[in-house]
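Written below as structure tokens is the structure these notes are about.
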Amino acid sequence: MRRPTVPVPPSRRPRCRERWAAWGFLAPVLAYLVLFYAYPLYRNLDLSLRDYTVRSFVQGGARFSGLQNYRTVFADPTFVPALTHTLVFTALSLIIQYAAGLALAVFFNQHFRLSATLRALFLVPWLLPLIVSASTWAWLLNSDSGVVNAVLRWFGVGPVDWLTSPQWSLVSVVIANIWIGIPFNLVVLYSGLQAIPTSLYEAASVDGASAWQRFWRITFPLLRPVSAITLLLGLIYTLKVFDIVWIMTRGGPGTSSTTLATWSYRLGFGSLLPRFGPGAAVGNLLVLIALVFGLAYIHLQRRQREEA
Amino acid sequence: MTRDLARLGKTALGLLLTAIMLFPVYWMVNASFTRDQDLRRTPPSWFPLHGTLEGYRAVLRDQLPHLATSLVVALGTAALTVALSAPAGYALAKLRPRGGAALGFVLLIAQMIPGIIMAMGFYAIYLGAGMLQSLGGLIVADSTLAVPFGVLICTAFMSGIPGELLQAARTDGAGPVRTFWSIVLPMSRNALVTVSLFAFLWAWSDFVFASTLDGGGAHQPITLGIYHYIGNNNQQWNAIMATAVVASLPAAVILVLAQRYVAAGVTAGAVKD
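Chains as they are written, first to last, in this note's numbering: chain A, 1 to 308; chain C, 1001 to 1273.
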């Protein structure tokens, strides 16, 4: 997951020479954004509005087909499952990551011996390449030789076909994604906790509030702005998760763990007969959803800045 | 006395939670040293008792070129990202041109676009330009993961540099370029380290761009090396996990040597200053 930052808005106008210098310093990044952000996105939009075949993809001259690709996508039997799985995947990941991250943040905020070191170690899952995490989880959840099934056998349960049965494949990728997302939630919520004045807790202790009451009456309400940002950022970044799902299950078996991101990839790159038009259409739908929440994030960030 | 005991209990609980959280990582390392015939045993062996280096021999045999490619791509991405971010950060933070806020907004939005969508656009462009399977093309694509983040980090950091300092330089006759090179850049070391670390790590870990833009190429990064191992029907988990361990080394090194930069990068912006 990656997090945006907010630049400081300009307040006073500098002299004319500096204004030219400013645009000089910005020129490389502006050219970069046009060439390597706007242009790929434009090409992607163009792909979704034309009737591409492999031949016309290479040689050009594909017919303009309006929204035909979008209609194809909406009518596809994969559309409803992919959308549902994206929502379930995102919601489950977010709620559990947040709850676990918050519990751990409160726990580590108590400053016991080794707490800083252990908190740093919690960052490991977040730093590992996604393909490493995904293949490690594929190995842990392996039906025959996975350690998860070995442990379940002790309790007389299973074996569960985590990755190869339609009932469990989505659950499996959610588990792996939660593991990767916990560190981000922990670190951000922990830094939010640091901003709460300890005097509040001391006063509450004097008044005889229990630890549970202190959490629900002080910590949780005061952490609300940070929580909102964490959840919204998590939402934006969970929507676009691709690597984990593709490497663990390729969206299968069948379409049982297909999300919009993996579906888009499968349409465009997953077979010998690529369908770039519909693939790009699915991708653009995903961009649209991400943008809605992205704008909500920016709005929230601005409002909190004004209140501060 | 009871207080000490309570603190000890918390440390014990902390150790337990960390052990649970890091168990998958241990299991990866364990499998990387375990012979393939032992990996299939029930119950699984909890320690690599009959340890083998066969997996790592496979890494040396098959994956060295992939590791070299990843190193080149990640270093290139880090350099490109810093070269683009630092001047832009200076302009946005200190020279404050009209329209700077709008640019900041565009950068925020840019970070929210899923990589798979960028990959499809890049694929269409690179196909026409003959840039598929080129290292330069992969570096440029990977840098899109980091440039918006880099500019925003640099802007946030550089706006903390005292204005009087730059004013003094101006009084001494230094122009914006001189000020940037001799004062702003050296003072922004921490921000530049953070940006290059994350750019390096994201490019090193990238799978989406590698698989779409570089599949079948002569120079494939390590993520594709692992992916091909997994794709083999006869899955050699020992070799897969050994490669995974090696691919995780940069993350481990960064965590040990540059932990404060990592924490700074994670929290930057998510929490208001």
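Using N, Cα and C, we set each Cβ at its ideal position, and we do this for glycine too.
Values in this document were obtained by computation on a predicted structure and should not be read as measured data.
Point to revise | chain A contacts made by the region 1026 to 1058 of chain C, where a contact means CB separation under 7 Å | key: Trp1027, Met1028, Ala1031, Leu1039, Arg1040, Thr1042, Pro1043, Pro1044
Exercise for review: Tell me whether Asp207 of chain A is buried or exposed, calling it buried when 16 or more other Cβ atoms sit within 10 Å of its Cβ.
Suggested key: Taking the first sequence and counting its residues from 1, one reaches residue 207 of chain A at position 207. Asp207 of chain A should be labelled exposed.
Check your understanding: What do you reckon, are the CB atoms on Leu189 of chain A and Thr249 of chain A nearer than 9 Å?
Key -> For the purposes of this step, residue 189 of chain A is identified with residue 189 of the first sequence, where counting begins at 1. For the purposes of this step, residue 249 of chain A is identified with residue 249 of the first sequence, where counting begins at 1. Their beta carbons are not under 9 Å apart, which means Leu189 of chain A does not touch Thr249 of chain A by this criterion.
Review point. With 9 Å set as the bound, which would you pick, yes or no: does the beta-carbon of Ile1125 of chain C sit closer than that to a beta-carbon of chain A?
Key: Position 125 of the second sequence, counted from the first residue, corresponds to residue 1125 of chain C. The C-beta of Ile1125 of chain C comes closer than 9 Å to at least one C-beta of chain A.
Practice item. Determine whether the Cβ of Phe89 of chain A lies closer than 9 Å to any Cβ atom of chain C. Key: By 1-based counting over the first sequence, the position of residue 89 of chain A is 89. It does not; no Cβ of chain C falls within 9 Å.
Practice item. Could you list the residues in the region 106 to 128 of chain A with a C-beta less than 8 Å from some C-beta on chain C, going in chain order? Key: Under the 8 Å Cβ criterion, the region 106 to 128 of chain A contributes Phe107, Phe108, Gln110, Phe112, Arg113, Leu114, Ser115, Leu118, Ala120, Leu121, Phe122, Leu123, Val124, Pro125, Trp126, Leu127, Leu128.
Review point. Who are the neighbours of Leu1095 of chain C on chain A, taking C-beta pairs under 8 Å?
Key: Position 95 of the second sequence, counting from 1, holds the residue named residue 1095 of chain C. Simply Pro14, Glu18, Arg19, Ala21, Ala22, Phe25.
Check your understanding: Can Thr1194 of chain C and Tyr1261 of chain C be called in contact, C-beta distance under 9 Å?
Key -> Within the second sequence, the letter at position 194 stands for residue 1194 of chain C. Within the second sequence, the letter at position 261 stands for residue 1261 of chain C. In contact: Thr1194 of chain C and Tyr1261 of chain C (Cβ atoms closer than 9 Å).
Review point. Less than 8 Å between the CB of Leu239 of chain A and some heavy atom of the ligand GTP, yes or no?
Key: Judged by which ligands are present, the structure shown has none, so any question about the ligand GTP falls away.
Exercise for review: Compare the Cα-Cα distances from Leu33 of chain A to each of C:Gln1111, C:Arg1057, C:Leu1067, C:Pro1044 and report the closest residue.
Suggested key: If you number the first sequence from 1, residue 33 of chain A lands on position 33. Measuring from the Cα of Leu33 of chain A, the nearest candidate turns out to be C:Gln1111.
Practice item. Let me know the secondary structure DSSP gives Asp161 of chain A once reduced to three states. Key: For the purposes of this step, residue 161 of chain A is taken as the residue at position 161 of the first sequence. Three-state DSSP puts Asp161 of chain A in coil, outside helix and strand.
**Study point:** Three-state secondary structure assigned by DSSP to Phe64 of chain A
**Key:** Your numbering for residue 64 of chain A matches position 64 in the first sequence. Reduced to three states, the DSSP call for Phe64 of chain A is strand.
**Study point:** Proximal residues of chain A, C-beta to C-beta of Leu1015 of chain C below 8 Å
**Key:** Within the second sequence, the letter at position 15 stands for residue 1015 of chain C. Neighbours of Leu1015 of chain C on chain A, chain order: Leu114, Leu118.
Check your understanding: Are the CB atoms of Thr219 of chain A and Ala82 of chain A nearer to each other than 9 Å?
Key -> One-based indexing of the first sequence puts residue 219 of chain A at position 219. One-based indexing of the first sequence puts residue 82 of chain A at position 82. Between Thr219 of chain A and Ala82 of chain A, the C-beta gap is not smaller than 9 Å, which leaves the two residues out of contact.
Practice item. Give a yes or no on whether the minimum CB-CB distance between Tyr1090 of chain C and chain A is below 9 Å. Key: Here residue 1090 of chain C refers to the residue found at position 90 when the second sequence is read from its first residue. Yes, because at least one Cβ of chain A sits closer than 9 Å to the Cβ of Tyr1090 of chain C.
Check your understanding: Quick one: is Ile1020 of chain C buried, meaning 16 or more other Cβ sit within 10 Å of its Cβ, or exposed?
Key -> As a first step, residue 1020 of chain C must be located in the second sequence, where it is residue number 20. The residue is exposed, with fewer than 16 neighbouring Cβ atoms inside 10 Å.
Review point. Taking the C-alpha atoms as reference points, what is the distance between Met1028 of chain C and Leu1103 of chain C?
Key: Translated into positions along the second sequence, residue 1028 of chain C becomes position 28. Translated into positions along the second sequence, residue 1103 of chain C becomes position 103. Distance between the alpha carbons of Met1028 of chain C and Leu1103 of chain C is about 43 Å.
Practice item. Specify the secondary structure class of Arg224 of chain A as computed by DSSP and reduced to three states. Key: As a first step, residue 224 of chain A is located in the first sequence; it is residue number 224 there, counting from the start. It is helical.
Exercise for review: Using three-state DSSP, classify Asp144 of chain A as helix, strand or coil.
Suggested key: To locate residue 144 of chain A, count along the first sequence from 1; it is residue 144. Coil, per DSSP.
Review point. Quick one, which residues of the region 1221 to 1240 of chain C are near chain A if we go by CB-CB under 7 Å, in chain order?
Key: Thr1223, Ile1226, Tyr1227, Ile1230, Trp1237, Ile1240
Exercise for review: Using the Cα positions of Pro278 of chain A and Asn69 of chain A, report the straight-line distance between them to the nearest angstrom.
Suggested key: The residue given as residue 278 of chain A occupies position 278 in the first sequence. The residue given as residue 69 of chain A occupies position 69 in the first sequence. Answer to the nearest angstrom: the Cα atoms are 5 Å apart.
Practice item. Could you please tell me which residues of the region 252 to 285 of chain A, in chain order, have their CB closer than 8 Å to any CB of chain C? Key: Ala261, Ser264, Tyr265, Gly268, Phe269, Phe276, Gly279, Ala280, Gly283, Asn284
Check your understanding: Are the region 239 to 257 of chain A and the region 168 to 188 of chain A in contact at 8 Å, needing three or more beta carbon pairs?
Key -> Judged by pairs of C-beta atoms under 8 Å, the region 239 to 257 of chain A touches the region 168 to 188 of chain A, as three or more such pairs exist.
Review point. How about Asn177 of chain A and Ile1117 of chain C: do their beta carbons lie closer than 9 Å?
Key: Reading the first sequence from its first residue, position 177 is the one you call residue 177 of chain A. Reading the second sequence from its first residue, position 117 is the one you call residue 1117 of chain C. Cβ distance not < 9 Å, so Asn177 of chain A and Ile1117 of chain C don't count as in contact.
Review point. Distance, Cα to Cα, Leu222 of chain A vs His299 of chain A?
Key: Residue numbering aside, residue 222 of chain A sits at position 222 when the first sequence is read from its first letter. Residue numbering aside, residue 299 of chain A sits at position 299 when the first sequence is read from its first letter. Those two C-alpha atoms are separated by around 19 Å.
**Study point:** Where the region 1099 to 1112 of chain C meets chain A: residues whose CB sits under 8 Å from a CB there
**Key:** Gly1100, Ala1101, Leu1103, Gly1104, Phe1105, Val1106, Leu1107, Leu1108, Ile1109, Ala1110, Gln1111, Met1112
Check your understanding: Along chain A, which residues have their Cβ under 7 Å away from the Cβ of Thr1144 of chain C?
Key -> Taking the first residue of the second sequence as position 1, residue 1144 of chain C is located at position 144. Here the neighbours are Phe36, Tyr37.
Check your understanding: Which residues does DSSP pair with Asp207 of chain A in a beta bridge?
Key -> In the first sequence, counting from the first residue as 1, residue 207 of chain A sits at position 207. Within the DSSP secondary-structure output, Asp207 of chain A pairs in no beta bridge.
Exercise for review: Going by DSSP, name the residue or residues bridged to Asp51 of chain A.
Suggested key: Position 51 of the first sequence, counted from the first residue, corresponds to residue 51 of chain A. According to DSSP, Asp51 of chain A bridges with A:Arg63.
Exercise for review: For Thr1188 of chain C, go through chain A and note every residue whose CB falls closer than 9 Å to its CB, in chain order.
Suggested key: Start at 1 with the first residue of the second sequence, and residue 1188 of chain C comes out as number 188. Checking the sequence shown, residue 1188 of chain C turns out to be Ser, not Thr. Near Ser1188 of chain C there are no residues of chain A at all, since even the closest Cβ is about 13 Å away, more than 9 Å.
Check your understanding: What residue ranges within the region 88 to 155 of chain A form continuous alpha helix (DSSP H) runs of no fewer than 4 residues, ordered along the chain?
Key -> 115 to 121, 124 to 127, 130 to 140, 147 to 154
Practice item. Mind listing the chain A neighbours of Trp1204 of chain C? Cutoff is C-beta to C-beta under 7 Å, in chain order. Key: Counted from its first residue, the second sequence places residue 1204 of chain C at position 204. Going along chain A in sequence order, the residues near Trp1204 of chain C (Cβ under 7 Å) are Pro129.
Exercise for review: Ignore the nearest five residues each way along the sequence and tell me which others in Leu140 of chain A's own chain have a CB closer than 7 Å to its CB.
Suggested key: By one-based count along the first sequence, residue 140 of chain A stands at place 140. Gly146, Val147, Val148, listed in sequence order.
Point to revise | Within chain A, partners of Ala1251 of chain C - CB distance below 8 Å | key: Within the second sequence, numbered from 1, the residue matching residue 1251 of chain C stands at position 251. Val124, Leu127, Leu128, Pro129, listed in chain order.
Review point. Quick one, are the C-beta atoms of Asn142 of chain A and Leu163 of chain A less than 9 Å apart?
Key: As a position in the first sequence, residue 142 of chain A is number 142, starting the count at 1. As a position in the first sequence, residue 163 of chain A is number 163, starting the count at 1. Cβ distance < 9 Å, so Asn142 of chain A and Leu163 of chain A count as in contact.
Check your understanding: Ile131 of chain A and Phe1207 of chain C: beta carbons closer than 9 Å?
Key -> Position 131 of the first sequence, counting from 1, holds the residue named residue 131 of chain A. Position 207 of the second sequence, counting from 1, holds the residue named residue 1207 of chain C. Result yes, Cβ atoms of Ile131 of chain A and Phe1207 of chain C sit closer than 9 Å.
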